[in-house]
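First the structure, in the form of structure tokens, and then the observations on it.
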Amino acid sequence: MTKLLVGVLFALLFIASLFTGVANINPGSLFSQPDALWILLVSRLPRTLAVIITGSSLAISGMILQMLARNRFVEPATAGTGQGAAVGIIAVTILAPQASLMVKMIAAVVAALGSTLIFLLLIRRLPVDRPLLIPLVALVYGGFVSAIAIFFAYQLDLLQYLEVWMHGMSGEFSGIMMGRYELLWIAAVLSLLAYFVADQFTIIGLGKEMTLNLGLGYRQIVAFGMMIVSVVTAVSVVTVGMIPFVGLVVPNIASRIMGDNLRASLPWVAVLGSMLVLASDLLARTIRYPYEVPVSIIFGVFGACVFLWLLFARPVHAR
Amino acid sequence: MIEIQNIRYAIGDSLILDQVDAVIPKGEVTAIIGPNGAGKSTLLSLASRLIKPDAGAIRVDGHDVHHASTAEMAKLLSVLRQENHIASRLRVRDLVSFGRFPHNRGQTRPEDSEKIDEALDMMEMRPFENRYLDELSGGQRQRALVAMILSQDTDYILLDEPLNNLDLVHARNLMVILEKLKNVGKTPILVIHDINYAAKYATHILALKNGTTFANGPTLEIFQSETLSNLFDSHISIQTLDGQLIALHH
């Protein structure tokens, strides 16, 4: 029943996304209006797919990072992964300005990986029973890494360029069309891969002791998880910019509703992530029609409210 | 049989364990006892592959735990450590079913469900099987964790202070369960502070003091007033009451 309802809602959002925009096309005019089908295939469909992939893969990578960090309040956009990707992009822009998008993406992935590794090493020394320390460290660390990117961008007059990729103000899908979003399929494939090892991510969320007890290689799983988180984040930063809160809010909502057994919850995390970003993107397109506001602003407002709710409405422990 | 051979482990300059030698026999309940800081938990960390010894080896049925495949070890030896802070919201049944992971790699078969049910029943956690861990009391959570270890169904079961958080009745029930496991051929080994529980339920004792083996042998042999008094540097009198060894330590 729930599945059907969610499926219908998803389909409605999908269709709405296809037919919302400045160029007025609707299902009836698809075959009568000469350029309608072309707009649909070149612009609207790629944009809608980009939103779905970004929403679901960011949500999944948020969930994975939370398992690796064993903490509910971290996400790649604040814990240094996204900022690391920005450092990588800036570095390539300075060192090899002519580099292709692919090279930029590889640099972003490498820098994001390094930055995530440092974050995970940092928080290893924090007590697990003080859950709020970790997000604080994450915020400070994320700020520090993004300061590195900003410093070099400022020195070399690339600040505006950096804004395009980073800083929440620019996470948006208006530039997406055929030929400009295909890198995101890498994120989609990785998210699917994550689903096949979902049990192992659940187990790693139980801690290193338990992981070893159950005969799993702790380092291999952490490395694989970091790889997924970093690549997904870097790919989405390179193609649509940073969309904060998706990786934080969606896993938390899913966890509240259905717990943290990832094999059961990851599909829902993906669906919820894509639906929330789809809805935000629709709102971003219509709120100041015919202009657009960045989807990250819409999601930021929504995410901040949910985050506050999460902080204040913590589950009461039965005694 | 677990052979602990000449184990040495140091953190920086401080020697935590040195020349620990012991044989833990198969098919007995072994209690590891000793004063605080004797190195009991460190020994368990070594056995659980969390840390590596600087010298020596721990062999379980001849397999060196630090060199054998960790996936294979997980079918032979399970370890429940003392600190288990679980931030994940898991249902009790899901947690317990992860104990089957070394055997089924996540594909639950009918025989796995049986083991899971059995473990839940043994720890009296059936009524709570659909509760989330964060909706349980400390004692219930501890029982859920023990149930998970039991569903792992290994020959050797290492428990680090499993009676923590358990009330009188559940503490005794757990000891009875360990005794039953022994009777079906398993080898439970536990770090325990209450020496009277050790006296009643353990058949073998490994006593550690100052990071080295102090005594190792059958319970009746180790439970002498003089031996235990020396172990804890405090007067302990061993009496027999209704045919049962009692340690009077206060």
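Protein chains in written order, with my numbering: chain A, 1 to 319; chain B, 1001 to 1250.
Glycine included, C-beta positions come from ideal geometry on N, C-alpha and C.
1. Does A/Asp260 pass the burial test, meaning 16 or more other C-beta atoms within 10 Å, or should it be called exposed?
2. With a CB to CB cut of under 8 Å and the five nearest residues on each side skipped, what residues in its chain are close to A/Met169?
3. Using a Cβ cut-off of 9 Å, pull out every chain B residue sitting near A/Pro131, in sequence order please.
4. Can you list, in chain order, the residues of the stretch 169–192 of chain A whose Cβ is nearer than 8 Å to any Cβ on chain B?
5. Let me know the secondary structure DSSP gives B/Phe1214 once reduced to three states.
6. If you draw a straight line from the alpha carbon of A/Met178 to that of B/Lys1075, how long is it in whole angstroms?
7. Excluding five sequence neighbours on each side, which residues of the same chain lie with their C-beta closer than 8 Å to the C-beta of B/Arg1093?
8. Determine, using beta carbons only, whether B/Pro1102 comes closer than 8 Å to chain A.
9. Just to make sure I have the definition right: I need the residues of chain A whose C-beta is within less than 7 Å of the C-beta of B/Asp1094. Which are they?
10. Could you spell out the range, first to last residue, of the alpha helix (DSSP H) harbouring A/Gln155?
11. With DSSP collapsed to three states, give me the class of B/Thr1240.
12. What residue does the alpha helix (DSSP H) around B/Thr1154 start on, and which one ends it?
13. Is there a Cβ of chain B sitting closer than 8 Å to that of A/Asn213, yes or no?
14. Could you round the C-beta distance between A/Leu184 and A/Val235 to whole angstroms and report it? I think they count as a contact, below 8 Å.
15. Can you tell me which of A/Gly303, A/Ala254, A/Ala223 and A/Leu5 puts its alpha carbon nearest to the alpha carbon of A/Leu121?
16. So, does the CB of A/Ile64 fall closer than 8 Å to a CB anywhere in chain B?
17. From which residue to which residue does the alpha helix (DSSP H) around A/Gln220 run?
18. Can you tell me whether B/Gln1107 is helix, strand or coil according to DSSP?
19. Mapping the DSSP letters down to three states, classify B/Thr1042 as helix, strand or coil.
20. Can the beta-carbon of A/Pro251 be found less than 8 Å from the beta-carbon of A/Ala77?
21. Counting Cβ pairs closer than 8 Å, one from the stretch 301–312 of chain A and one from the stretch 1004–1019 of chain B, do we hit at least three?
22. Give me the DSSP bridge partner(s) of B/Thr1187.
23. Can you tell me whether DSSP reads B/Lys1052 as helix, strand or coil?
24. Would you call A/Ala23 buried or exposed, if buried means 16 or more other Cβ atoms sit within 10 Å of its Cβ?
25. For the stretch 1062–1085 of chain B, enumerate the residues whose C-beta is nearer than 9 Å to any C-beta of chain A, in chain order.
26. Excluding five sequence neighbours on each side, which residues of the same chain lie with their C-beta closer than 7 Å to the C-beta of B/Lys1186?
27. Please report the residue range of the alpha helix (DSSP H) in which B/Tyr1197 lies.
28. Please classify A/His167 as buried or exposed, where buried requires at least 16 other C-beta atoms within 10 Å of its C-beta.
29. Among the candidates B/Asp1153, B/Glu1114, B/Arg1100 and B/Glu1161, whose CA atom is the shortest distance from the CA of B/Gln1082?
30. Output yes if chain B places a C-beta closer than 8 Å to the C-beta of A/Ile203; else output no.
31. Going by DSSP, what residues sit across from B/Thr1030 in a beta bridge?
32. Tell me the DSSP bridge mates of A/Val293?
33. Given a threshold of 16 other Cβ atoms within 10 Å of its Cβ, counted over all protein chains shown, does A/Ala198 qualify as buried or as exposed?
34. Can a CB atom of chain B be found closer than 8 Å to the CB of A/Glu209?
35. Could you name the residues of the stretch 1098–1128 of chain B whose beta carbon sits closer than 7 Å to any beta carbon of chain A, in the order they occur along the chain?
36. For B/Arg1141, collect the residues of the same chain with a Cβ closer than 7 Å to its Cβ; drop the 5 residues on either side in sequence, then sort them by chain order.
So, from the listed chains and residues:
1. Translated into positions along the first sequence, residue 260 of chain A becomes position 260. Looking at its Cβ environment, which holds 16 or more other Cβ atoms inside 10 Å, A/Asp260 is buried.
2. In the first sequence, the residue the question calls residue 169 of chain A occupies position 169. Only weak support exists for where A/Met169 lies, its pLDDT of 43 falling under 50; the value from the coordinates is given anyway. These residues qualify, in order along the chain: Glu163, Pro294, Ser296 and Ile297.
3. For the purposes of this step, residue 131 of chain A is taken as residue 131 along the first sequence, with counting starting at 1. Result: Ala1087.
4. none
5. In the second sequence, residue 1214 of chain B corresponds to position 214, counting from 1. Reduced to three states, the DSSP call for B/Phe1214 is strand.
6. Taking the first sequence and counting its residues from 1, one reaches residue 178 of chain A at position 178. Taking the second sequence and counting its residues from 1, one reaches residue 1075 of chain B at position 75. Distance between the alpha carbons of A/Met178 and B/Lys1075: 51 Å.
7. On the second sequence, residue 1093 of chain B is found 93 positions in, with the first residue counted as 1. Once the five neighbours on either side are set aside, the close Cβ partners of B/Arg1093 are Ile1116, Leu1120, Glu1129 and Asn1130.
8. Your numbering for residue 1102 of chain B matches position 102 in the second sequence. Taking Cβ atoms only, chain A reaches closer than 8 Å to B/Pro1102, which makes this a yes.
9. Within the second sequence, numbered from 1, the residue matching residue 1094 of chain B stands at position 94. Simply Asn261.
10. Taking the first sequence and counting its residues from 1, one reaches residue 155 of chain A at position 155. Run containing A/Gln155: Leu133 to Gln155, per the alpha helix (DSSP H) assignment.
11. In the second sequence, residue 1240 of chain B corresponds to position 240, counting from 1. DSSP places B/Thr1240 in strand when its eight states are reduced to three.
12. The sequence position of residue 1154 of chain B within the second sequence is 154, counting from 1. Neither: B/Thr1154 is in no alpha helix (DSSP H) and is coded neither H nor E.
13. Within the first sequence, the letter at position 213 stands for residue 213 of chain A. With 8 Å as the cut-off, A/Asn213 counts as an interface residue toward chain B.
14. Residue numbering aside, residue 184 of chain A sits at position 184 when the first sequence is read from its first letter. Residue numbering aside, residue 235 of chain A sits at position 235 when the first sequence is read from its first letter. At roughly 6 Å, the Cβ-Cβ gap stays under 8 Å, so A/Leu184 and A/Val235 are in contact.
15. As a working mapping, residue 121 of chain A is identified with position 121 in the first sequence. Of the listed residues, the one whose Cα sits closest to A/Leu121 is A/Ala223.
16. Within the first sequence, numbered from 1, the residue matching residue 64 of chain A stands at position 64. Closer than 8 Å: no.
17. Here residue 220 of chain A refers to the residue found at position 220 of the first sequence. Where A/Gln220 is concerned, the enclosing alpha helix (DSSP H) stretches over Tyr218 to Val240.
18. Taking the second sequence and counting its residues from 1, one reaches residue 1107 of chain B at position 107. Reduced to three states, the DSSP call for B/Gln1107 is coil.
19. The residue given as residue 1042 of chain B occupies position 42 in the second sequence. In the structure shown, B/Thr1042 sits in a helix (DSSP, three-state: H, G or I).
20. By 1-based counting over the first sequence, the position of residue 251 of chain A is 251. By 1-based counting over the first sequence, the position of residue 77 of chain A is 77. Cβ atoms of A/Pro251 and A/Ala77: not closer than 8 Å.
21. no
22. As a working note, residue 1187 of chain B is residue 187 in the second sequence. Bridge partners of B/Thr1187: B/Tyr1156.
23. On the second sequence, position 52 is the one that residue 1052 of chain B refers to. It is coil, neither helix nor strand.
24. The residue given as residue 23 of chain A occupies position 23 in the first sequence. A/Ala23 should be labelled exposed.
25. Ser1069, Thr1070, Ala1071, Glu1072, Met1073, Ala1074, Lys1075, Leu1077, Ser1078, Val1079, Leu1080, Arg1081, Glu1083, Asn1084 and His1085
26. In the second sequence, residue 1186 of chain B corresponds to position 186, counting from 1. The residues are Asp1155 and Ile1157.
27. Counted from its first residue, the second sequence places residue 1197 of chain B at position 197. Ile1195 to Tyr1201 is the span of the alpha helix (DSSP H), which, as asked, contains B/Tyr1197.
28. Within the first sequence, the letter at position 167 stands for residue 167 of chain A. Caution applies to A/His167, whose pLDDT of 49 falls short of 50 and renders its modelled position unreliable; the model cannot decide the point.
29. For this step, residue 1082 of chain B is matched to residue 82 along the second sequence. Selected option, being the one with the closest Cα: B/Glu1161.
30. Translated into positions along the first sequence, residue 203 of chain A becomes position 203. Closer than 8 Å: yes.
31. Start at 1 with the first residue of the second sequence, and residue 1030 of chain B comes out as number 30. The partner list for B/Thr1030 (beta bridge, DSSP) reads B/Ile1189 and B/His1204.
32. Taking the first sequence and counting its residues from 1, one reaches residue 293 of chain A at position 293. Paired residue(s): none; A/Val293 is not in a bridge.
33. Position 198 of the first sequence, counted from the first residue, corresponds to residue 198 of chain A. By the neighbour-count rule (16 or more Cβ atoms within 10 Å), A/Ala198 is buried.
34. Taking the first residue of the first sequence as position 1, residue 209 of chain A is located at position 209. Judged by the 8 Å Cβ criterion, A/Glu209 is in contact with chain B.
35. Phe1098, Phe1101, Pro1102 and Gly1106
36. Position 141 of the second sequence, counted from the first residue, corresponds to residue 1141 of chain B. Leu1133.
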